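*Asks:* First the structure, which I've put down as structure tokens, then a few questions once you've had a look.
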Amino acid sequence: MINLEQRDIALVNFPFSNQIQVKFRPVVIISNNSYNKSSDDLLCIAVSSVGNENNYNLSLKNNDLVSGNLKEESKIKCDTITLIEKELFKKKIGTVTPAIFEKVKERINALIS
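Per the working numbering, the sequence shown starts with residue 1, numbered consecutively.
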């Protein structure tokens, strides 16, 4: 099992909203590190190369990472959040900057406000 922390980007089979199909994709870990250490699951947001930036999709480029690389410019889909078991994560591929993570939190807050 790989050690993942808040703001990390990792690869996992992410479920579609129908909870039947999955797609292997990057995700951003949003649960805090205290939760991450004590839980068997991680709360995460889907990352996709498809779609436009809008109120709930946030553009993500390589210069938005403190480590790692993306294959292509992507979007953090702040309205696509799920809990996934730690053992299902395959590989860490990077970490988003604190500034990008603040924007993620703002978009989530806008979604639930």
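Cβ coordinates follow ideal geometry from the N, Cα and C atoms, glycine included.
The model shown is predicted, which means the values in this text are computed figures rather than measured ones.
1. At what residue ranges does the stretch 10–59 contain a whole run of the alpha helix (DSSP H), taking only runs of 4 or more?
2. By DSSP's criteria, residue 2 is part of a beta bridge. Which residues make up the other side?
3. For residue 69, does the count of other Cβ atoms within 10 angstroms reach 16, so buried, or fall short, so exposed?
4. Go ahead and pull the three-state DSSP assignment for residue 102.
5. At the level of alpha carbons, what is the spacing between residue 10 and residue 62?
*Replies:* Judging by the given coordinates:
1. 33–38
2. Note: residue 2 sits in no beta bridge, so no partner.
3. exposed
4. helix
5. 15 Å
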